[in-house]
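Below is one structure; the comments refer to it alone.
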Amino acid sequence: MIDKKPPSNRMRGVLLDWAWNHPRWKRRLRETWGLGREAAGWVRLPRPFDPPEWLALRALARTAQPAESGAERVLFMSWRGWSTHLAIETVLAHAVRRRGGAPIFAYCGGRLPICDVVPVNAAPPMPCHSCREYAAGAIAAAGFESLALHDVLNVSASVHIARQRVENLATIAECEAYVDQGLPLGRLVRVSVAWFLSRGTLSDTPQTLDTYRSFLVSGIVVARGLRNILERTRAERVFMLNGTFFAESIMAALAAQLGLPFGSYEKGFIHDAIVMTPNAAASRLEVPEAAWLTARDTPLTDDEDQAIEAYLGVRRRGESSLDNFWRARIEDPELIRRSLRLGTDRPLIVMFCNILWDSAVIGRDRAFASMGDWVVDGIQWARSHPEIDLVVRIHPAEVQLRNHQTLERMADHIAAAFPVPPENVRVIQADDPISSYVLMDVAAIGLVYTSTVGLELATRGVPVVVAANTHYRGRGFTVDPDTSEAYWADVERLLKSPPDEMERRTRRELARRYAVLFFFRFHNVLAAVTEDGRSRPRILIDNARDLEPGADPAVDRVVAGILEGIPPIAPPGVATWRVPGLKSR
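The sequence shown: position 21 = 6 (my numbering), numbered continuously.
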């Protein structure tokens, strides 16, 4: 095992951290790196500036055993040159090989008109040189064969043909309804269109229409290329990132047509953890119902109770994420009440927003047509209920996530609908350092769309009314109306008849059982890969034997998910997150 960070990488880390907060400069720096390596290859010189994580990948390749003849072929769809994801995927591919599988990789390779490797604040042009160079280089360093789009079709000619097919689409509705060779491409690319444009609402503006048509062009080419890749590799299983980005959505749809099992994964809330879902999009964070039914009826052990309490404290302090938006927060409850002019004798309802373009929000609407409608409707409802105070907490990431700037902000929705907000409504802007956790402490009712805040509120016994489809909806500890009318009726019911202490205790206990299942057992912390910072993975093993069955139970579970379709849920009493001072579980 490798457990030390090479001193020579410290300056590189400083540069990458700076670049993360300056996305256009990050793209320029990466493209300079990619072009330099490509130029060296053209003149038959060694490619310079290998990322340090490739040394460990080469060590894994040297110690790996070849796949046996007739082994099950598993296609790893490592579509973009995202360094941390490629580190995770290549390590897992070695683990699959150690368990009798035959991994092969597919990546984009560039030349598409648009993609979702970076958002609009960093592109165009798309960073194809560096993306291609990193993906191809990492896969080769790990010792695996790979195919790119240009290996299975003429990308330029295919793009030209695809442009002709979509050039007459004149509205967003027409783009959304577009179908190509039986695939609903308009729907399959929509998450990526919104993600790229950094907005949740797609209107018939020239930029949005041009972007949507370009994604449809890329989707047409990718669909054709993936069909060819699946045919050439004769893949029997597929493993991919996220499951809702456009290329992966297309792959999932193709797999469903072919009856091909697939799995997807995402980085989790816990550092170095991933969540993996067989035959579904991991970005939906759907915990298997069977696991919840068992956990629901099983009281927490003392260790589990202490662990979830400690972890919720870590989240409150912002220590569990690489994106800690507030190093200094306002946490004095009385100061917050005074600054917001909140009465002590009036029920406080707090509405916690998501980011509009987040894949956790797009396509998850239920009681309302959109999150914007939910917030506007909520303020209108509060205007007719002067006996309460409503606080709308805009998500800090709208302004604090510097590598992905939000171009459609909830503050603009509110200002357009309410130039003068009602007297009993307070809007906390994204850049306001007021602690959301103090608002949770004093809230009589919490309103959420899909935010994880809803789960955290429920673990405190606060009544939560959920507006959209989120992973903890319907688990028995939140109120889950299906229509806007029912939503506000439920809020009014909770105001008139608040839950008694016994009901609060019951819901709180259910929420904590779910939180242990979700954070500690649904998440799998991989011992072989860590992330020192954004885009700075470090591989902690240098011998493929370290990935043998039994070496890391988390890897065992994830690979069982890939090869057998078994949801990788840690068994009861086993947590993926360790609390200092607690005995091992």
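Even for Gly, the Cβ is constructed at its ideal location relative to N, Cα and C. Predicted model only: the values in this text are computed from it and were never measured.
Per-residue DSSP class, three states only, for residue i
i	result
Lys568	The predicted position of Lys568 is uncertain, since its pLDDT is 35 and thus under 50; a value taken from the coordinates is nonetheless stated next. Coil.
Arg65	coil
Phe231	helix
Glu16	helix
Ala258	strand
Leu595	Beyond the ends of the chain as shown, which are -14 and 570, falls residue 595; an answer cannot be given.
Asp517	strand
Gly21	helix
Arg58	strand
Val137	helix
Asn213	helix
Ser249	strand
Pro8	helix
Ile526	coil
Phe181	helix
Phe403	coil
Leu392	coil
Gly461	coil
Ala453	strand
Pro553	coil
Gly431	strand
Leu226	strand
Arg411	strand
Arg378	strand
Pro263	strand
Val510	strand
Within 7 Å, strictly: CB atoms of residue i and residue j
i	j	result
Ala415	Val384	yes
Ile235	Leu132	no
Ile430	Leu479	yes
Ser268	Glu251	yes
Arg542	Pro534	no
Arg82	Ala125	no
Gly204	Phe231	yes
Val544	Arg84	yes
Val590	Phe200	The structure shown has nothing for residue 590, since the chain only spans -14 to 570.
Ser436	Asn339	yes
Gly357	Asp2	no
Leu375	Ile334	yes
Val206	Ser143	yes
Ser469	Ala352	yes
Thr444	Arg378	no
Tyr92	Trp67	no
Val260	Phe61	no
Ile315	Ile419	yes
Ala72	Pro538	no
Gly210	Val102	no
Ala258	Val510	yes
Residue i versus the options, residue with shortest Cα-Cα distance
i	options	result
Val501	Leu285, Ala158, Ile547, Asp475	Leu285
Phe503	Leu325, Leu392, Thr262	Thr262
Ala396	Asn388, Arg411, Lys481, Leu386	Arg411
Gly446	Arg493, Asp287, Asp290, Asp101	Arg493
Ile255	Ile526, Ile293, Val544	Ile293
Glu477	Asp287, Val449, Val(-1), Arg497	Val449
Asn106	Phe505, Glu393, Ala162	Glu393
Leu173	Phe224, Leu134, Gly228, Ala142	Gly228
Ala158	Ile364, Leu375, Leu170, Ala56	Leu170
Thr594	His7, Gly(-2), Gly558, Val(-1)	Residue 594 is absent from the model: the chain starts at -14 and stops at 570.
Thr48	His79, Pro112, Pro37, Lys11	His79
Leu325	Asn153, Asn409, Arg489	Asn409
Arg331	Gln192, His370, Asp467	His370
Arg9	Asp467, Asp485, Asp475, Arg387	Arg387
Arg(-5)	Pro36, His7, Arg12, Gly26	Pro36
Gly21	Phe34, Trp39, Lys11	Phe34
Ala453	Asp350, Glu233, Glu152, Asn264	Asp350
His114	Glu16, Ile99, Pro31	Glu16
Supposed contact pair residue j and residue i - C-beta distance, whole angstroms, cut 8 Å
i	j	result
Arg222	Ile551	That belief does not hold up - the Cβ atoms of Arg222 and Ile551 are roughly 13 Å apart, past 8 Å.
Gly185	Trp5	About 23 Å; that fails the 8 Å criterion.
Asp195	Thr156	13 Å between Cβ atoms; not a contact.
Thr69	Ser520	7 Å
Pro104	Phe224	At roughly 25 Å, the Cβ-Cβ gap does not stay under 8 Å, so Pro104 and Phe224 are not in contact.
Leu168	Ala208	6 Å
Val433	Phe337	5 Å
Gly461	Arg281	7 Å
Q | 4-residue-minimum alpha helix (DSSP H) runs that sit fully inside the segment 76 to 135, ordered along the chain | A | 113 to 126
Q. For the segment 140 to 170, which segments carrying the alpha helix (DSSP H) assignment without a break, of at least 4 residues, lie completely within its bounds, in sequence order?
A. 140 to 151, 157 to 161
**Q.** Uninterrupted beta strand (DSSP E) stretches inside the segment 318 to 374 (no shorter than 3 residues)
**A.** 333 to 337
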